[in-house]
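Contents: one structure, followed by commentary.
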Amino acid sequence: MVTSGPQVIDDASAVAVEHEAERLFTTLMNVSCRPGTRWTLELCREIAPLTLEINRLKERRNAIILAHSYVDAEIVYGVADFKSDSYALALEARHSDAEVIVFVGVVFMAETAKILCPHAEVLVPDIASGCSLADSLTADELRALKAEHPDAAVVCYINSTAEVKAESDVCVTSGNALKILERLPERRILFVPDRIMAANLQRDLRARGVDKEIVSSSGTCLVHDQFTAAAIAEERVRFPGVSVVSHPECAPEVTDASDFVGSTQAMMEHVRDSDAPYYMMLTECGLVGRLEAEHPGKRFIGSCRLCPYMKLNSLAKIRDALVRPEPEQVIEVDPQIARAAKVSIDRMFELAA
Ligand code: SF4
Numbered sequence: 023m024v025t026s027g028p029q030v031i032d033d034a035s036a037v038a039v040e041h042e043a044e045r046l047f048t049t050l051m052n053v054s055c056r057p058g059t060r061w062t063l064e065l066c067r068e069i070a071p072l073t074l075e076i077n078r079l080k081e082r083r084n085a086i087i088l089a090h091s092y093v094d095a096e097i098v099y100g101v102a103d104f105k106s107d108s109y110a111l112a113l114e115a116r117h118s119d120a121e122v123i124v125f126v127g128v129v130f131m132a133e134t135a136k137i138l139c140p141h142a143e144v145l146v147p148d149i150a151s152g153c154s155l156a157d158s159l160t161a162d163e164l165r166a167l168k169a170e171h172p173d174a175a176v177v178c179y180i181n182s183t184a185e186v187k188a189e190s191d192v193c194v195t196s197g198n199a200l201k202i203l204e205r206l207p208e209r210r211i212l213f214v215p216d217r218i219m220a221a222n223l224q225r226d227l228r229a230r231g232v233d234k235e236i237v238s239s240s241g242t243c244l245v246h247d248q249f250t251a252a253a254i255a256e257e258r259v260r261f262p263g264v265s266v267v268s269h270p271e272c273a274p275e276v277t278d279a280s281d282f283v284g285s286t287q288a289m290m291e292h293v294r295d296s297d298a299p300y301y302m303m304l305t306e307c308g309l310v311g312r313l314e315a316e317h318p319g320k321r322f323i324g325s326c327r328l329c330p331y332m333k334l335n336s337l338a339k340i341r342d343a344l345v346r347p348e349p350e351q352v353i354e355v356d357p358q359i360a361r362a363a364k365v366s367i368d369r370m371f372e373l374a375a
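For the sequence shown, our numbering gives the first residue as 23, with consecutive numbering after it.
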């Protein structure tokens, strides 16, 4: 998607802009821009002044940009210093000595970065970039669930607010949840806020002969909840040999019907390391953009869905945040909540190691 907004930089020479446009086009040429279209050199020329300006601002402000793989490709390949999933980006924040972190993803991820890197000013391009999972459960609601299940270990998926993390014993990601649940001594697990991932984990624990009982809350991811086993069956007829790749936020009947199930990072590695004639990616379209850019020989059928929250991010908003952030673009976490949330996040790093 081409970003709108003022794109003038006084001192950028035409040569520098052309050079930047060529750099962008080299990476973006295989990536879908709008439905049915690909990036062109002309479109790259339109955004080149803005990516040049943002990259200069980063240097001036000792800033880094952490971009989730679901955001638009011109952000991931134009200005991001690190691009990955929420776990890897949290690790980057934990070890960062930058004065400013622009977190291009959704707000709960930026909160996690602030908790792990409190000395940095953490900025978000758009404060409305929520998440249907994180927004599904408040700390009060979790306290009520804890009262109903006093013997359960409280495990929160990283897609949760800082307040919910602060109320939890341990935080997990899609990549390490199974390992961490296995290592917890408690038999009963209160897993929040994703009831679908909880169901997938319950099935996977049973398959490994691990005797644990998971209860959950009612949240779902509005992107991954859209996929169906019926659509997989149809596409297997249309595209013989297709490899169906899904995320554990998809319903159990979808993950059951898939050839590979894994975290965002694991999905990327699976595509990189396998050789199917087509891939049906049951996840956010930004990840397919990354795969198109990094594996131009692979073919992806039109199966992905857009996350409206991730798509609120834009180059213009990143630039504006770096020039003069609005107060709501600056992430603050109450120190007491941050301390308690950090305990659950640090326990994740410890148990996932
Ligand atoms: S893709 Fe789903 S889990 Fe990720 S931010 Fe969007 S709504 Fe939340």
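By construction, the Cβ of each residue, glycine as well, lies at the ideal position given by its N, Cα and C atoms.
So which of the options has the shortest CA-CA distance to residue i?
i, options, result
"Ser-154", "Cys-66, Asn-181, Ala-199, Glu-306", "Asn-181"
"Leu-212", "Arg-228, Ser-190, Asp-226", "Ser-190"
"His-15", "Gly-324, Glu-96, Pro-140", "This structure does not reach residue 15, given that the chain is present from 23 up to 375, and the question cannot be answered."
"Leu-16", "Val-237, Glu-42, Leu-72", "Residue 16 falls outside the range modelled here, since the chain spans only 23 to 375, and no answer is possible."
"Thr-183", "Thr-48, Phe-130, Ala-199, Leu-88", "Phe-130"
"Ser-268", "Val-355, Pro-172, Asn-84, Asp-247", "Asp-247"
"Ile-97", "Leu-334, Val-345, Glu-133, Tyr-179", "Leu-334"
"Arg-225", "Glu-204, Pro-215, Val-245", "Glu-204"
"Asp-162", "Pro-147, Ala-188, Thr-195", "Ala-188"
"Leu-206", "Val-232, Pro-215, Val-214", "Val-232"
"Pro-274", "Phe-249, Val-259, Glu-257, Arg-260", "Phe-249"
"Pro-299", "Asp-278, Val-355, Arg-258", "Arg-258"
If you measure between the beta carbons of residue i and residue j, is that distance less than 8 Å?
i, j, result
"Val-283", "His-317", "no"
"Ile-86", "Asp-103", "yes"
"Ala-135", "Glu-121", "no"
"Glu-235", "Arg-217", "no"
"Cys-193", "Ser-366", "yes"
"Ser-280", "Val-266", "yes"
"Val-276", "Leu-304", "yes"
"Met-370", "Asn-222", "no"
"Cys-66", "Leu-79", "no"
"Ala-174", "Glu-208", "yes"
"Asn-52", "Ala-315", "yes"
"Thr-195", "Ser-91", "no"
Should residue i go down as buried or exposed, given a rule of 16 or more other Cβ atoms within 10 Å for buried?
i, result
"Leu-358", "What sits at residue 358 in the sequence shown is Gln, not Leu. Answer is exposed; the Cβ neighbour count stays below 16."
"Gly-263", "exposed"
"Arg-341", "buried"
"Ala-363", "buried"
"Thr-339", "It is Lys, not Thr, that sits at residue 339 in the sequence shown. Lys-339 should be labelled buried."
"Pro-28", "Confidence in Pro-28 is poor, its pLDDT being 47 and thus under 50, which makes the residue's placement unreliable; the coordinate value appears in the next sentence. Exposed."
"Ala-255", "exposed"
"Lys-201", "exposed"
"Thr-59", "exposed"
"Pro-330", "exposed"
"Ser-26", "Since pLDDT at Ser-26 reaches only 46, below the 50 mark, its modelled position is unreliable, and no value is offered."
"Glu-170", "exposed"
"Gly-311", "buried"
"Glu-372", "exposed"
"Pro-71", "buried"
"Ser-336", "buried"
"Glu-306", "buried"
Write down the C-beta distance between residue i and residue j rounded to the nearest angstrom, noting that I regard them as a contact closer than 8 Å.
i, j, result
"Met-332", "Val-93", "5 Å"
"Val-128", "Gly-152", "6 Å"
"Tyr-99", "Thr-160", "Rounded, the Cβ-Cβ distance is 37 Å, inconsistent with contact."
"Ser-240", "Ser-158", "6 Å"
"Leu-145", "Pro-347", "5 Å"
"Gln-351", "Ala-360", "No, Gln-351 and Ala-360 are not in contact; Cβ-Cβ is about 18 Å, not under 8 Å."
| query | Whole alpha helix (DSSP H) runs in the stretch 69-145 with 4 or more residues, listed along the chain? | reply | Whole alpha helix (DSSP H) segments, 4+ residues: 95-100, 108-116, 129-138.
| Length-filtered (3 minimum) beta strand (DSSP E) runs lying within the stretch 251-317 | If we require 3 residues or more, the beta strand (DSSP E) runs fully inside the stretch 251-317 come out as 265-268, 301-304.
| said: Please give the ranges of any beta strand (DSSP E) in the stretch 165-208, keeping only runs that are unbroken, at least 3 residues long and fully inside the region. | reply: Within the stretch 165-208, the complete beta strand (DSSP E) segments of 3 residues or longer fall at 175-179, 192-194, listed in chain order.
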